[in-house]
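Numbering (my numbering), first residue to last: 12 to 199. Glycine included, every Cβ here is placed at the ideal spot set by N, Cα and C.
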């Protein structure tokens with residue numbers, strides 16, 4: 012049976028509507044709260060071999076967001092359920108699917124990793140938008156040597172994923188933003 016592990020849904024979230032959607036789709040709901048953040052995912056999902064942990068660290072304010080973990084969904088079922096959530100105003104930004112690996116993590120570890128990945132994906136999207144803008148500027152005004160060199164340097168950095176660090180990528184984003192702005196102002 013498909014399940015969802017819901018974490019930290021706030022009072023503004025229409026949980027009753029979500030429960031009806033889950034019933035309609037034969038999806039079991041497992042609730043987790045902040046005090047469960049140091050439990051293993053496997054324990055929270057009721058899997059054999061996982062015991063309740065006595066450890067409870069102080070709550071990290073950076074992890075104060077709603078999260079949903081999808082369990083035992085096939086691909087089509089997952090996309091259909093996500094579409095229905097979105098259509099009903101029930102979308103949750105932070106989400107993940109259960110893996111053989113993440114059931115061994117604590118909920119806290121999964122939340123940290125999911126948040127980190129979300130921030131990275133957002134940053135990469137912003138960088139890609141700026142690279143597209145730089146390409147447009149190149150086609151419009153010709154190549155700017157300094158901007159081209161920065162993009163080449165960034166490409167070399169991003170080609171080696173073993174080097175990837177959020178702060179380095181963020182610095183590249185800031186440099187690229189400034190260079191695009193400079194090229195735009197020089198040509199307007």
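**Proximity to residue 35 [Cα-Cα], best of 21, 55, 13 and 50** = Translated into the one-based positions of the chain shown, residue 35 becomes position 24. The residue with the shortest Cα to Cα distance from residue 35 is 13.
**Item:** For residue 107: DSSP bridge partner residues
**Value:** For this step, residue 107 is matched to residue 96 along the chain shown. As a beta-bridge residue in DSSP terms, residue 107 pairs with 80.
**Asked** Cβ atoms of residue 113 and residue 40: under 8 Å apart, would you say?
**Response** Working through the chain shown from its first residue, we reach residue 40 at position 29. Working through the chain shown from its first residue, we reach residue 113 at position 102. Going by C-beta atoms, residue 40 is not nearer than 8 Å to residue 113.
**Message:** Taking contact to mean 3 or more Cβ pairs, one atom from each stretch, closer than 8 Å, check whether the segment 89 to 100 and the segment 45 to 61 are in contact.
**Reply:** no
**Message:** Which residue wins for smallest C-alpha separation from residue 50, given the options 111, 119 and 97?
**Reply:** Within the chain shown, the letter at position 39 stands for residue 50. Of the listed residues, the one whose Cα sits closest to residue 50 is 119.
**Request:** Just mark residue 172 as buried or exposed, buried being the case when its beta carbon has 16 or more other beta carbons within 10 Å.
**Result:** Residue numbering aside, residue 172 sits at position 161 when the chain shown is read from its first letter. Burial call: exposed.
**Request:** Establish whether the CB of residue 152 and some CB of chain C are separated by less than 8 Å.
**Result:** In summary, chain C is missing from the structure at hand, where a single protein chain is found.
**Prompt:** Taking contact to mean at least 3 C-beta pairs separated by less than 8 Å, is the segment 104 to 113 in contact with the segment 142 to 150?
**Reply:** With fewer than three CB-CB distances shorter than 8 Å, the segment 104 to 113 does not count as touching the segment 142 to 150.
**Message:** Distance check for residue 151 and residue 97, CA to CA, integer angstroms please.
**Reply:** The residue given as residue 97 occupies position 86 in the chain shown. The residue given as residue 151 occupies position 140 in the chain shown. If I take the Cα positions, the gap works out to 39 Å.
**Prompt:** Whose C-beta lies closer than 8 Å to the C-beta of residue 177 among residues of the same chain, with five residues either side of it excluded?
**Reply:** For the purposes of this step, residue 177 is taken as residue 166 along the chain shown, with counting starting at 1. Within the same chain, residue 177 has close Cβ partners 127, 130, 131 and 134.
**Request:** Give the secondary structure of residue 51 by DSSP, where H, G and I count as helix, E and B as strand, and everything else as coil.
**Result:** The residue labelled residue 51 in the question sits at position 40 within the chain shown. It is a strand residue.
**Request:** Please confirm whether residue 78 and residue 103 have their CB atoms less than 8 Å apart.
**Result:** Translated into the one-based positions of the chain shown, residue 78 becomes position 67. Translated into the one-based positions of the chain shown, residue 103 becomes position 92. Yes, the pair counts as a contact, with Cβ atoms nearer than the cut-off.
**Prompt:** residue 68 and residue 43: beta carbons closer than 8 Å?
**Reply:** Along the chain shown, read from residue 1 onward, the residue named residue 68 stands at position 57. Along the chain shown, read from residue 1 onward, the residue named residue 43 stands at position 32. Cβ distance not < 8 Å, so residue 68 and residue 43 don't count as in contact.
**Asked** Smallest Cα separation from residue 48: which of 31, 140, 117 and 183?
**Response** For the purposes of this step, residue 48 is taken as residue 37 along the chain shown, with counting starting at 1. Checked all of 31, 140, 117 and 183; the closest Cα to residue 48 is 117.
**Request:** Within its chain, find whatever has a CB closer than 6 Å to the CB of residue 108; leave out the 5 residues flanking it on each side and keep chain order.
**Result:** Translated into the one-based positions of the chain shown, residue 108 becomes position 97. Counting only Cβ-Cβ distances below 6 Å, and skipping sequence neighbours, we find 81.
**Message:** Buried or exposed, going by whether 16 or more other CB atoms sit within 10 Å of the CB of residue 155?
**Reply:** What you label residue 155 is simply residue 144 of the chain shown in a count that begins at 1. That one is buried.
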